[in-house]
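So the protein lines, in turn, are chains A and B.
As numbered in my numbering, residues 1 to 779 make up the first sequence, in order.
As numbered in my numbering, residues 780 to 1032 make up the second sequence, in order.
Idealized CB from N, CA, C, for every residue including glycine.
I have placed the structure first, in the form of structure tokens, so that the comments after it can refer back to it.
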Amino acid sequence: MRGEGCGAMRAFTAPGETLRTALIPAEDLPRWLPWTAAAIVALGLLLLVIELRRAREARRVLVTLSALCAAAALLGAVVRPQRLRAREVNLAPRVVILVDRSRSMALPSNDQPDGEPRIDVAERVARELRGRVGGRVDVVAFGVGAPRPDSIDGPPGRSALARADLAGSDLAAAVHAIAERHDDPPAALIVVSDGRVELGDLAERRPPFPIHAVSIGDGSPKDASIRAVHLAGAAVAHQALPLRVEVACTGGISCGDLSITVRELREREPNASGSDTSAVLATGTASVRDGTATIELPITLERAGTRAIEVALSAPKDDAIPDDDRRLLSIDVARERVRVLHIAGRPSYDVRALRTWLKADAAMDVVSFFILRTPGDDVNAPDEDLALIPFPVRELFTEYLPTFDAVIIQDFDAEPYGLTPHLPAIARYVEHGGGLVHIGGPNAFSAGGYAGSPLARVTPVAIPRLAADKQPADATPFVPVETPAGRGAPILQDLHAAIGDELPEFPGANVLGDLQHGGVALWTHPKRTTPSGKPMPILSIADIGDGRSIALALDSTRLLAFSPFAAKSSGRGFDALFRGLLGWLMRDPRYEPVRGRLVHEDGVSPCLAGAKAALRLEASPIAGASRLRAAIAPLEPPRAQPGEGLPATLDRELEGKPPLVVPLGLAPSGSFALRLAVGEKGAEPTLGALATRALGVCERGGDEWADPRPDRATLEKLAKASGGVVVKPGELAAIPTPKAAVVALERTVAPLLATWAWAALAAVTMGAHWFARRRSGLS
Amino acid sequence: MHRRHFLGASTALAGSLLGLRARAFGDEGAFEPKILLAGGVTGAARASAPARWSAEVERRTSAAARRTPRAVKATDSTLLDGPFAYWSGTGSLSALSAAELAGLRQFLALGGLLVIDDADPASGAFGRDARRELARVLPDAAPVSIPDDHVLYRTFYLLKPARPWGRVQVTKTADAILRAGQIRVIFLAHDLGGALARNQLGTWEMTVEPGGDVQREQAIRFAVNIALYALTTNYKDDAVHAPFLLKRKATQP
Chain A
1 MRGEGCGAMR
11 AFTAPGETLR
21 TALIPAEDLP
31 RWLPWTAAAI
41 VALGLLLLVI
51 ELRRAREARR
61 VLVTLSALCA
71 AAALLGAVVR
81 PQRLRAREVN
91 LAPRVVILVD
101 RSRSMALPSN
111 DQPDGEPRID
121 VAERVARELR
131 GRVGGRVDVV
141 AFGVGAPRPD
151 SIDGPPGRSA
161 LARADLAGSD
171 LAAAVHAIAE
181 RHDDPPAALI
191 VVSDGRVELG
201 DLAERRPPFP
211 IHAVSIGDGS
221 PKDASIRAVH
231 LAGAAVAHQA
241 LPLRVEVACT
251 GGISCGDLSI
261 TVRELREREP
271 NASGSDTSAV
281 LATGTASVRD
291 GTATIELPIT
301 LERAGTRAIE
311 VALSAPKDDA
321 IPDDDRRLLS
331 IDVARERVRV
341 LHIAGRPSYD
351 VRALRTWLKA
361 DAAMDVVSFF
371 ILRTPGDDVN
381 APDEDLALIP
391 FPVRELFTEY
401 LPTFDAVIIQ
411 DFDAEPYGLT
421 PHLPAIARYV
431 EHGGGLVHIG
441 GPNAFSAGGY
451 AGSPLARVTP
461 VAIPRLAADK
471 QPADATPFVP
481 VETPAGRGAP
491 ILQDLHAAIG
501 DELPEFPGAN
511 VLGDLQHGGV
521 ALWTHPKRTT
531 PSGKPMPILS
541 IADIGDGRSI
551 ALALDSTRLL
561 AFSPFAAKSS
571 GRGFDALFRG
581 LLGWLMRDPR
591 YEPVRGRLVH
601 EDGVSPCLAG
611 AKAALRLEAS
621 PIAGASRLRA
631 AIAPLEPPRA
641 QPGEGLPATL
651 DRELEGKPPL
661 VVPLGLAPSG
671 SFALRLAVGE
681 KGAEPTLGAL
691 ATRALGVCER
701 GGDEWADPRP
711 DRATLEKLAK
721 ASGGVVVKPG
731 ELAAIPTPKA
741 AVVALERTVA
751 PLLATWAWAA
761 LAAVTMGAHW
771 FARRRSGLS
Chain B
780 MHRRHFLGAS
790 TALAGSLLGL
800 RARAFGDEGA
810 FEPKILLAGG
820 VTGAARASAP
830 ARWSAEVERR
840 TSAAARRTPR
850 AVKATDSTLL
860 DGPFAYWSGT
870 GSLSALSAAE
880 LAGLRQFLAL
890 GGLLVIDDAD
900 PASGAFGRDA
910 RRELARVLPD
920 AAPVSIPDDH
930 VLYRTFYLLK
940 PARPWGRVQV
950 TKTADAILRA
960 GQIRVIFLAH
970 DLGGALARNQ
980 LGTWEMTVEP
990 GGDVQREQAI
1000 RFAVNIALYA
1010 LTTNYKDDAV
1020 HAPFLLKRKA
1030 TQP
């Protein structure tokens, strides 16, 4: 295949077939050899002419003729000429038109807020280019990853957001993917974009074809936007995280001072107190000079896991693009250490076992407060002889409570030790993401005065009120019954591995009511029932708002650590039980049934409002999970346009191996709480506390709208590096026509003489030349 | 409902239902100085001391305690009913049998705390033999002296001076075997049980020398501290207590 022709852009006609004949050197010779041989022969003839001019008596005609014959024969022996006969066809050049379908193409193409969207202009340009180029034209869309075939003739009426629906503008990846197709590389590539693209190494590495560009957009409306949000390092719970926010004002808008607010968006419990569960983490004022400003806002996130953060600016009145006034971030907050507050109403072997376990873990930061003396105790000593300190209940539950990842209340009577006034704070702490473990005993649950209290609101089970005819505990020894949920829950898998399915006999349990808040019972009482007639929960868990809560109606789990029963497993049962409980409370992925996140329908890039969203499900610890149930709830009312909305619930069969991408529909702009439950074949996964909870965000513009201005300079940089040109939509004729490709349909090659004949002819003619020279008196 | 009333009620209920079962809800984690029967020991050297120990713990602290501690053989699985055992005696011990060695080894491996109380420190035979047998139970662990800043001396009372106390004051220190920073075995040569022992009429059974009642009170406080160590381990070592305790020490004469 070879190229022909070059000039201003014109349409190619239908390919025509031609017959071509030619004399060519032997095809096994290197290209340089025939030319070298010809040059040597020419040099020899030149020397002969000089020689003959000096030798006046020589027979010049004879010598010259013999020399020419010998030179021709010698040249023929070297290049062995062949006759070529070829039937060829001229093919139109292959041209690839790359249409930018990233979200920035949904912005106006001029400085009017209601200007024609860039994607409309781009599609029109692509259609015109296709008509001008004719022949072989591929129109592909680029955005994230490899380019995909594009339809610029799609049905009318689709919104610009739906057509500019990709979350990135990775032009480098698209060009590399096209260049790597060796079977039919393009003769030229034409990028139709606003220039907000990632060039990667394209500006440094010249691609094997020219890249032209049509620059879409010649202005942007008045706009104040959050240009970027930078996190200085990884987010770690309880540690200040510097947040650098860059804002910019473009299009001639007057900004001055802009106030910036950073909020954490939290899941709201239906029965929670207060009207707003989001928390303002930081505020500041950015003074815009020369159109930009940067502000540092340190924030501290108290809860580990994925957290939803909103960074918003207060935009001036004539701001044209309100969606880029806020950024929604999904931040993964790591936990360096787990901070646990352990309070116990009295010392006991159960307290000893739990404290020993907590302190044995170097990654656990434990603050303990045990009530060692009651008002009725006779210590027989003055206070200075006692190693007792006041229970700092006020400081703990007003000042320090948010700094703890989990609070363990073990057999603690709320009233005498001043805990009752702080129960609302503990409830809010749980609703806002904290973890709570309420462990039984004679002073726990009903006996501890928790019935009807705010703490009861964040407990997985109802706490019955004390009555004269009702005991707060049942002192009948029993062996708990593991529920089907408990048998399948990752939270108890370590316990099963340590002790099997058998549980020890416990000496009694606190009396509890029915499950609440979607709580799940993992163990139940074999005989006692709740008011609704269901088995009484012994170990139950629940997701409460943004936090998690566990109720354990036993006072003797230490039997898993120290008892004849525990000896059979070297006491590993206690460790396994509490590792699972605390791990679930801290949202350790090992104890979640599945991991999932809200993404773009491509399964990789971030979710974009106005584009199709999907659930990406990662590996599940439940082997063979084949059914998914999900619930999706907004953390705040979403900003939805017509046709946008995620399903509130989902029930799907799963096929294939993780990661799996489950399509959801057009996403609105906002932050969402996802609850995901998977089940084995035939099982019915439930969306209770055993479901995985994740947070996800969908932005309408995201990074693509951070700077809404078109960027022609980037396209010029690209064109310059590749030998292309950049034009406006009205200048398409200025794009050079790429070279046509010639393809041989049939080709035959035959030698003029056999190799030996060329050699013999050369020998004979050289001999004749030698004879002529001798006769002429030349040496 | 007050905790002790509740305990009593629930224990009574369980007892009536189940024929006086040993355990009951709320009582399971109570302190119990179980009397260890091993090496020829057939009971506590001071028979009333364990019950008195429980009574003092209940009277002085918020902890529950069993008023009638059980005597358990080292070979009996009931040794593992609670992580505390009290081994006292006055004379020589016979060598522990293989079953006794295994029982004690299991008790300590699970995290149990064993207090060895030589009731006749003048002869020292029991203490010496107990150390010999413990060396067989835990051959890779050697006793070390308990420093005076150890948490054992401030788990409930700030002992002044910080040292072991008992009926006699032969030595000012006690030894212990530690595992992972926790005391597993305490060797006392002070006849702690002798200072606690009290007959049914409420009369102290033995005189305390040389400090009399003051020394006895210190011995009782030491016993309470040991019980609280068994129930809370090194709780009073937590950093949150340090400023309070330092302040309290600073005010001492």
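In the three-state reduction of the DSSP assignment, V393 of chain A falls in the helix class, which pools H, G and I.
With a 10 Å radius around the Cβ and a threshold of 16 neighbouring Cβ atoms, K813 of chain B comes out buried.
The Cβ atoms of G808 of chain B and Y349 of chain A sit closer than 9 Å to each other.
Linking L859 of chain B to L815 of chain B through their CA atoms gives a straight-line distance of about 11 Å. Nearest to F404 of chain A by C-alpha distance, out of A:P736, A:G533, A:Y429 and A:L386, is A:Y429. For S287 of chain A, the closest of A:E267, A:D324 and A:C249 by C-alpha to C-alpha distance is A:C249.
Chain-ordered, the chain B residues with CB closer than 7 Å to the CB of P564 of chain A read S856 and L859.
Residues of the segment 1005-1016 of chain B with a Cβ closer than 9 Å to any Cβ of chain A, in chain order: A1006, L1007, A1009, L1010, T1011, T1012, N1013, Y1014 and K1015.
Partner residues in a beta bridge of Q112 of chain A, as assigned by DSSP, do not exist. DSSP places Q82 of chain A within a strand segment (E or B) once states are collapsed to three.
Comparing alpha-carbon positions, the option among B:T1012, B:L967, B:G990 and B:A909 lying closest to A959 of chain B turns out to be B:T1012. Per DSSP, F142 of chain A is one residue of the beta strand (DSSP E) stretching across V137 to F142. Residues of chain B with a Cβ closer than 7 Å to the Cβ of S556 of chain A are, in chain order, E807 and G808. The beta-carbon of V993 of chain B is placed no less than 9 Å from the nearest beta-carbon of chain A.
R263 of chain A and V311 of chain A have their C-alpha atoms some 7 Å from each other. Taking a beta-carbon distance threshold of 9 Å, L875 of chain B does not count as an interface residue toward chain A.
The residue among A:R373, A:H212 and A:G610 with its C-alpha nearest the C-alpha of T714 of chain A is A:H212.
In the DSSP annotation of this structure, I260 of chain A is not part of any alpha helix (DSSP H); the continuous beta strand (DSSP E) holding it starts and ends at D257 to L265.
Between R303 of chain A and A344 of chain A, the C-beta spacing is not below 9 Å. Contact residues of the segment 449-477 of chain A toward chain B are L466, Q471, P472, A473, D474, A475, T476 and P477 (C-beta to C-beta distance below 9 Å).
For A213 of chain A, the beta-bridge partners assigned by DSSP are A:V191 and A:V726. When the beta-carbon positions are compared, A898 of chain B and D970 of chain B come within less than 9 Å of each other. Contact fails between the segment 832-840 of chain B and the segment 494-514 of chain A, because fewer than three Cβ pairs, one in each stretch, are under 8 Å apart. Beta-bridge partners of H230 of chain A (DSSP): A:R244. Residues of chain B with a Cβ closer than 8 Å to the Cβ of Y429 of chain A do not exist, since the nearest Cβ in that chain sits about 19 Å away.
Bounds of any beta strand (DSSP E) do not take in H769 of chain A; it lies within the alpha helix (DSSP H) bounded by T755 to R775. Proximity of chain A to V1019 of chain B at the Cβ level (cut-off 9 Å) is accounted for by V367, S368, F369, I389 and P392, in chain order.
The beta-carbon distance between V520 of chain A and V594 of chain A, rounded to whole angstroms, is 16 Å. This is too long to meet the 8 Å contact definition. Closer than 9 Å to the CB of F905 of chain B there is not a single CB belonging to chain A.
Residue burial is scored here from C-beta neighbours: S220 of chain A has at least 16 other C-beta atoms within 10 angstroms and is therefore classed as buried. A contact is defined here as three or more CB-CB pairs under 8 Å, and the segment 159-170 of chain A fails this definition with respect to the segment 202-217 of chain A. By the neighbour-count criterion, in which a residue is buried when 16 or more other Cβ atoms sit within 10 angstroms of its Cβ, F1001 of chain B is buried. In the DSSP assignment, L617 of chain A falls within the beta strand (DSSP E) that extends over K612 to L617.
Contact with chain A is found for K939 of chain B, since one of that chain's Cβ atoms lies less than 9 Å from the residue's Cβ.
Taking a C-beta distance under 9 Å as the contact criterion, A456 of chain A and A447 of chain A do not qualify as a contact pair. Under DSSP, P535 of chain A forms a beta bridge with A:T529.
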